[in-house]
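A.B. asks: Would you mind keeping the following structure in view while I ask a few things?
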Amino acid sequence: MDDLLADFVAETREMLEAIGGELVAWEAEPGDSARLDSIFRFVHTVKGNCGFFDFPRLEKLSHAAEDALAECRAGRREPDQQLVSAVLAIIDRIGEMTDAIEAGVDFSADGDQALIGALAVGAADVAMEPLPSGSVVAAEGEAGAEELSEKGAKVALQRTIRLPVSLLDEVMKGVSDMVLARNDLARRLREAGEQPAIDGPFERLSAILADVRTAITRMRMQRLEYLFGSLPRLVRDLSAELGKQVMVDFEGGDVELDREMIEMVRDPLTHIIRNAIDHGIEAPADRLKSGKREIGLLRFSARQSGNRISLVITDDGRGVPGDRLAAKAVAAGIVSEAEAARMTERQKLLFMFEPGLSTAEAVSQVSGRGVGMDVVRANIEKVGGTIDVTSKAGEGTSFHLQLPLTLSIIAALTVEVEGQLYAIPRSYVEEVAFANVQDIEFARAGERQLMTFRGRRVPCVALADVFGIADPRRIAWGSKTLVVMRLASDEVFALGVDRVHDHEDVVVKPIAPAIMDTRLYAGTTLLDDGRPILLLDIPSIAAQRGLNSEVRKRVVTVDSDDTHSTTGARAPVMLFLGLDGRKRAIRLETVRRIDTIQREAIDIEGGRAQAVVGADIFSLAGHESGPLPEGRCRLLRLSDGDSQIAYIVREVVDAGAITQDVVSADDPALEGVTLIDGELVPIVEVHRLFAAQPRPARRDAAPVCRLPADSEWARTILEPLVRAAGYTLTTELHLEADVAIIMDEGEPAPSGPARATIRLSADPEVSGGAIYRYDREAVLGALREASAGHSASGSAE
Amino acid sequence: MNQLLLMCLIAGRRAAIPAVRVQSVIEIEAVTPIPGAPDFIVGLTALRSQALTVIDCRVSLGFPASDRVVGSRAAVIEHEGHRYALVVDEAFDVVEALSQPVDLPGGFGEGWLHAARGMVETETGPALLVDVEQLVRGPRPASAAA
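These protein sequence lines map, in sequence, to chains A and B. 1348 is the number of the first residue of the first sequence in my numbering; add one for each residue after it. 13 is the number of the first residue of the second sequence in my numbering; add one for each residue after it.
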């Protein structure tokens, strides 16, 4: 509560200063009603604030003064000199107590009653001449006074000033300009070669600049407490109005958020709270009936993860009935009944954010006023955030808000298309897939390009096509990098780009209306080298391509089992065609990934069959069932946790689930057979495959690479590369890794045990064995070298 | 009478931009193209920490596009909170207008029709006073111009 308290102190002090003159004037002329009013307002405000902070004594004092003054204002009492003195004494006392609050010391209660008593009509001579402030402190006795003066010095250091945000913005802009100028200078210095006399001071300048930039950014930040602070009152009022009892609980109030962002989420949050109290939390009697505590609970928890804040609002009410939402959606013609029937609970819940669907049967005074959750979502998205909902019947509802730290700085992925860079807001990016590395199958449905990724069909759009600079029919999908996007409405599509470059925090500026009219861009930003690039407007692009409405149906119909739901005894499987062309299923948990290799990479000799994937050799299975295909071969990489086996298949069909009983088959190679979508499918017995391995594979386990746990860059940019190089990843420090990658910046992070270490540097001018982090070849080379070392040590064992 | 004008060459003709609107004259160093944007918008360029929308005045006036935007001079102006770089063939000095803009019988010819506010006399001879807003708005659709 420190920030709030500081604000309270600052505000009270400001008011005290402001009414200083009034007090004097009022003293001279107690009948002046204008002065009376302003003094009344002061004590009234103090009283209000105190109630909020739980300062009962301060509240009592100001309350007493307020009462007395109210009498005067109502004309029931004539302000006289005695009253003026008493009020002034109280105001002085308020000032002193404020000081004590700031210093964090107790303030003796002595004299409070006397001060209040002096307000009474005809209290006569309580001998309260305008109290010199010192005298009260003296009356405090040794404890208070001593401590107060001791803390005095500390207090002075914490003084705050109020500044207009625009001034901060101006400073921030200036610093941004300085950073760009620095980058420019850095480039020139690099070109000019090494100049120790200049490089040293320049480095220092850079470091200082970075610090200043951070400090300026922090200036705009405010603790969430600020927002939370106003909520208990809102909750209290609403629950009183609705005859419910609600308790609030906050967690993570120390998380900081851009001031403007806080203002932007205030309304959506208020709306969510209204809904929760109105529709979520039941009346006390109903709660008791369903075995809950009489008092409902509304929890707010915030936490920062990277550049985003996640805010979860949870109530323990009756939950949102997904079926009712679905029924409404059907009634509103958004989906057909059959489609709704196939939807998962989660998909049904998302109808909540559809315009014009309100579950409230009866419109109450509090919510259901026509401002729906669709508006809430729109507002959250406007500031670059996302909103999601989960609900369990009878147990409550949670809203998950993801917010960027600031309005103007967003986390973005830079991608390249036809030689130009563009930025994509990271909040939409679910995954980056490489068509040439990962197993992605492309298919066409009419004019629509689809890809099968993680067992689901995802519509693809090439960014070059969106821009109208490439013929959609002639796009080389196989060489594209696919950025899988998830829209807030939970619809997924993939954006094909030439390359993914980097993860950056970018400062977004508005763009000219004529560019806005293209409905492709949301803003512009400058790269570190000062080049402007455009920020893509992903929802709008999706809407233009019709990807945000019809797709939902498509995803639902193609892929009714993408959710990892555990309802019933569903066991996910991967369906494939064996080399003999027969359809089989294999339990999905055992399939680690799908590889595509050339026929030449498979070596079969007698009873030994092996496949080379990347730099690793795997034992091969599944080849007995038929002739090897020519050219490309598909392998399912199976893992039992320790070792891995490559299982060759003709074709990966789909993901499915075992929902029926598995009937034992009279074949040791099969776990049994079952009906999947009405079709009899044999299930491969994985255990036998691993058991059949003569030696549990000296090279089977993929080498382990440890990435820095706290680096966003490592997670988003480096991870796919390392993975593609055949490593499994860890961030655990205590595990022995084959190779550890550490980022060469700031103080060295603890790296944990590793056989080899690769140091990456963000600076292209690297030194001391580090590798520039975008030197792809060098990074891959180092990884290969490390994995060769892994295999050598593996074979020695 | 003494309005200051930035003298420049647009589509090979002498033109004048009110100097009060011009924040600076820059040389376009690099342009980031904007796929999907109308033709008269060449792209974005950076001026210090700000991105400017680069507008090819030739296209705005209905002439064929400039051959080379990079290396050209451009007048930086602000319009409704956004900053634009108006690419001109050449930019000269700032001079004083010696007359009010006047219409010529018969107009100024196609293209200039909607963007020229009239002819002004200057020390260096007559020039067409262009309307910055019209340049920023882009060329008129052919039907509207007819």
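Just so it is clear, CB atoms sit at the ideal spot from N, CA and C, and this is done for glycine as well.
Roughly how many whole angstroms lie between the Cα atoms of Ala1450(A) and Lys1394(A)?
C.D. replies: In the first sequence, residue 1450(A) corresponds to position 103, counting from 1. In the first sequence, residue 1394(A) corresponds to position 47, counting from 1. Going by the C-alpha atoms only, they are around 20 Å apart.
A.B. asks: Are Ala31(B) and Val132(B) closer than 8 Å when you measure CB to CB?
C.D. replies: Taking the second sequence and counting its residues from 1, one reaches residue 31(B) at position 19. Taking the second sequence and counting its residues from 1, one reaches residue 132(B) at position 120. For Ala31(B) and Val132(B), no; Cβs fall outside 8 Å.
A.B. asks: According to the Cβ coordinates, are Arg2102(A) and Val2086(A) closer than 8 Å?
C.D. replies: Locating residue 2102(A) in the first sequence gives position 755, where the first residue counts as 1. Locating residue 2086(A) in the first sequence gives position 739, where the first residue counts as 1. Contact flag set, yes.
A.B. asks: Buried or exposed: where does Thr134(B) fall if 16 or more other Cβ atoms within 10 Å of its Cβ makes it buried?
C.D. replies: The residue you call residue 134(B) lines up with position 122 of the second sequence. By the 10 Å Cβ count, Thr134(B) comes out buried.
A.B. asks: List the residues of chain B that Ala1557(A) touches, going by C-beta distances under 8 Å, in chain order.
C.D. replies: In the first sequence, the residue the question calls residue 1557(A) occupies position 210. What Ala1557(A) touches in chain B: nothing, since even the nearest Cβ is about 16 Å away.
A.B. asks: In or out: Ala1485(A) buried (at least 16 other Cβ within 10 Å) or exposed?
C.D. replies: Start at 1 with the first residue of the first sequence, and residue 1485(A) comes out as number 138. No answer about Ala1485(A) holds up, because its pLDDT of 35 lies below 50 and its placement is not dependable.
A.B. asks: Buried or exposed: which applies to Glu1489(A), given that a residue is buried once 16 or more other Cβ atoms fall within 10 Å of its Cβ?
C.D. replies: The residue labelled residue 1489(A) in the question sits at position 142 within the first sequence. Any reading at Glu1489(A) needs caution, since the residue's pLDDT is 39, under 50, leaving its predicted position unreliable; the model's value is listed next. Exposed, by the Cβ-count rule.
A.B. asks: Excluding sequence positions up to five away, which residues of its chain have a Cβ less than 8 Å from the Cβ of Val82(B)?
C.D. replies: Here residue 82(B) corresponds to residue number 70 of the second sequence, with the count starting at 1. Hits under 8 Å: Ile40, Glu41, Ala42 and Val43.
A.B. asks: Give the secondary structure of Leu1351(A) by DSSP, where H, G and I count as helix, E and B as strand, and everything else as coil.
C.D. replies: Here residue 1351(A) is taken as the residue at index 4 of the first sequence, counted from 1. Residue state, collapsed to three classes: helix.
A.B. asks: Let me know the secondary structure DSSP gives Val1959(A) once reduced to three states.
C.D. replies: Walking along the first sequence from the start, residue 1959(A) turns up at place 612. Residue state, collapsed to three classes: strand.
A.B. asks: Taking the CB atoms as reference points, tell me whether Leu1883(A) and Met1921(A) lie closer together than 8 Å.
C.D. replies: Position 536 of the first sequence, counted from the start, is the residue given in the question as residue 1883(A). Position 574 of the first sequence, counted from the start, is the residue given in the question as residue 1921(A). No.
A.B. asks: In chain order, what residues of the stretch 26 to 55 of chain B put their CB closer than 7 Å to some CB of chain A?
C.D. replies: Per Cβ criterion, the list reads Ala42, Thr44, Pro45, Ile46, Pro47, Gly48, Ala49, Pro50 and Ile53.
A.B. asks: For Gly150(B), decide whether its Cβ has a neighbour in chain A, counting only Cβ atoms nearer than 8 Å.
C.D. replies: Numbered from 1 along the second sequence, position 138 holds the residue referred to as residue 150(B). Yes, Gly150(B) lies at the interface with chain A (some Cβ there is under 8 Å from its Cβ).
A.B. asks: Closer than 7 Å, Cβ to any Cβ of chain B: which residues of the stretch 1867 to 1894 of chain A, in chain order?
C.D. replies: Per Cβ criterion, the list reads Leu1867, Thr1871, Leu1873, Gly1877, Arg1878, Pro1879, Ile1880 and Leu1881.
A.B. asks: For Ala63(B), go through chain A and note every residue whose CB falls closer than 7 Å to its CB, in chain order.
C.D. replies: Locating residue 63(B) in the second sequence gives position 51, counting from the first residue. Near Ala63(B) (Cβ distances below 7 Å), the residues of chain A are Lys1856, Thr1871, Leu1873 and Pro1879.
A.B. asks: Could you tell me whether the Cβ of Gly1731(A) comes closer than 8 Å to any Cβ of chain B?
C.D. replies: By one-based count along the first sequence, residue 1731(A) stands at place 384. False, the Cβ-Cβ gap to chain B never drops below 8 Å.
A.B. asks: Verify whether the separation of the beta carbon atoms of Gly1973(A) and Asp2014(A) is less than 8 Å.
C.D. replies: Taking the first residue of the first sequence as position 1, residue 1973(A) is located at position 626. Taking the first residue of the first sequence as position 1, residue 2014(A) is located at position 667. No; because the gap between Cβ atoms is not below 8 Å, this pair is not in contact.
A.B. asks: Is it true that the CB of Val114(B) sits closer than 8 Å to the CB of Ile11(B)?
C.D. replies: For chain B, the structure presents residues 13 to 158; residue 11(B) sits outside this window and is missing.
A.B. asks: In this structure, how does DSSP classify Met2090(A) when only helix, strand and coil are distinguished?
C.D. replies: Here the question's residue 2090(A) lines up with position 743 in the first sequence. In the structure shown, Met2090(A) sits in a strand (DSSP, three-state: E or B).
A.B. asks: Under 7 Å: does the beta carbon of Gln1796(A) sit that close to some heavy atom of the ligand GTP?
C.D. replies: Inclusion of the ligand GTP in the displayed structure is not the case, the ligand content being empty and no account of it being possible.
A.B. asks: Output the distance between the C-alpha atoms of Pro1477(A) and Leu1430(A), rounded to the nearest integer angstrom.
C.D. replies: Taking the first sequence and counting its residues from 1, one reaches residue 1477(A) at position 130. Taking the first sequence and counting its residues from 1, one reaches residue 1430(A) at position 83. Confidence at Pro1477(A) is low in this model, with a pLDDT of 41, below 50, so the placement of that residue should be treated as unreliable; the coordinate-derived value is given next. About 11 Å.
A.B. asks: Give a yes or no on whether the C-beta atoms belonging to Leu1829(A) and Ala1841(A) are separated by under 8 Å.
C.D. replies: Position 482 of the first sequence, counting from 1, holds the residue named residue 1829(A). Position 494 of the first sequence, counting from 1, holds the residue named residue 1841(A). Cβ atoms of Leu1829(A) and Ala1841(A): closer than 8 Å.
A.B. asks: Might you give, ordered along the chain, the residues of its own chain that have their beta carbon closer than 6 Å to the beta carbon of Ser1887(A), omitting 5 neighbours on each side?
C.D. replies: Looking up residue 1887(A) in the first sequence gives position 540. Result list for Ser1887(A): Arg1866, in chain order.
A.B. asks: Residues in the same chain with beta-carbon distance under 8 Å from Asn1396(A), minus the five sequence neighbours each way, listed in chain order, please.
C.D. replies: Taking the first sequence and counting its residues from 1, one reaches residue 1396(A) at position 49. Around Asn1396(A): Phe1355, Glu1358 and Thr1359.
A.B. asks: Just mark Ala1554(A) as buried or exposed, buried being the case when its beta carbon has 16 or more other beta carbons within 10 Å.
C.D. replies: Here the question's residue 1554(A) lines up with position 207 in the first sequence. Exposed.
A.B. asks: Given Phe75(B), which residues of its chain have a CB within under 6 Å of its CB, disregarding the five upstream and five downstream residues?
C.D. replies: By one-based count along the second sequence, residue 75(B) stands at place 63. Counting only Cβ-Cβ distances below 6 Å, and skipping sequence neighbours, we find Ala23 and Gly123.
A.B. asks: Since Arg85(B) meets chain A, which of its residues come closer than 8 Å, beta carbon to beta carbon?
C.D. replies: Taking the second sequence and counting its residues from 1, one reaches residue 85(B) at position 73. Those do not exist, as Arg85(B) stays about 19 Å from chain A at its closest Cβ, beyond 8 Å.
A.B. asks: Please confirm whether Arg70(B) has its beta-carbon closer than 8 Å to some beta-carbon of chain A.
C.D. replies: Taking the second sequence and counting its residues from 1, one reaches residue 70(B) at position 58. Arg70(B) does not count as touching chain A.
A.B. asks: Which value, in whole angstroms, describes the spacing of the CA atoms of Val148(B) and Ala2049(A)?
C.D. replies: Walking along the second sequence from the start, residue 148(B) turns up at place 136. Walking along the first sequence from the start, residue 2049(A) turns up at place 702. Going from the Cα of Val148(B) to the Cα of Ala2049(A) covers about 59 Å.
A.B. asks: Which runs of the beta strand (DSSP E), 3 residues or longer, sit entirely within the stretch 1654 to 1696 of chain A?
C.D. replies: 1655 to 1662, all fully within the stretch 1654 to 1696 of chain A.
A.B. asks: So which residues of chain A does His94(B) contact, with C-beta pairs closer than 8 Å?
C.D. replies: For the purposes of this step, residue 94(B) is identified with residue 82 of the second sequence, where counting begins at 1. What His94(B) touches in chain A: Pro1857, Ile1858, Ala1859 and Pro1860.
A.B. asks: What's the C-alpha gap between Lys1501(A) and Asp1446(A)?
C.D. replies: Numbered from 1 along the first sequence, position 154 holds the residue referred to as residue 1501(A). Numbered from 1 along the first sequence, position 99 holds the residue referred to as residue 1446(A). Caution applies to Lys1501(A), whose pLDDT of 43 falls short of 50 and renders its modelled position unreliable; the value that the coordinates give is listed next. Roughly 12 Å between the two C-alpha positions.
A.B. asks: Which residues mark the beginning and the end of the beta strand (DSSP E) in which Pro1751(A) is found?
C.D. replies: Here residue 1751(A) corresponds to residue number 404 of the first sequence, with the count starting at 1. Counting along the chain, the beta strand (DSSP E) containing Pro1751(A) begins and ends at Gly1743 to Pro1751.
A.B. asks: When DSSP labels each residue in this structure, what does Ile78(B) get in the three-state scheme?
C.D. replies: Along the second sequence, read from residue 1 onward, the residue named residue 78(B) stands at position 66. It is worth fixing the name first, because residue 78(B) is Ser in this sequence and not Ile. If DSSP states are grouped into helix, strand and coil, Ser78(B) belongs with coil.
A.B. asks: If you measure beta-carbon to beta-carbon, which residues of the stretch 1509 to 1537 of chain A are closer than 7 Å to chain B?
C.D. replies: Under the 7 Å Cβ criterion, the stretch 1509 to 1537 of chain A contributes Lys1520, Ser1523, Asp1524 and Leu1527.
A.B. asks: Give me the Cα-Cα distance between Glu1708(A) and Arg1665(A), rounded to the nearest whole angstrom.
C.D. replies: Indexing the first sequence from 1 puts residue 1708(A) at position 361. Indexing the first sequence from 1 puts residue 1665(A) at position 318. Unreliable placement is indicated for Glu1708(A), whose pLDDT of 45 sits below 50; the coordinate value is still reported in the next sentence. In a straight line, the C-alpha of Glu1708(A) is about 15 Å away from that of Arg1665(A).
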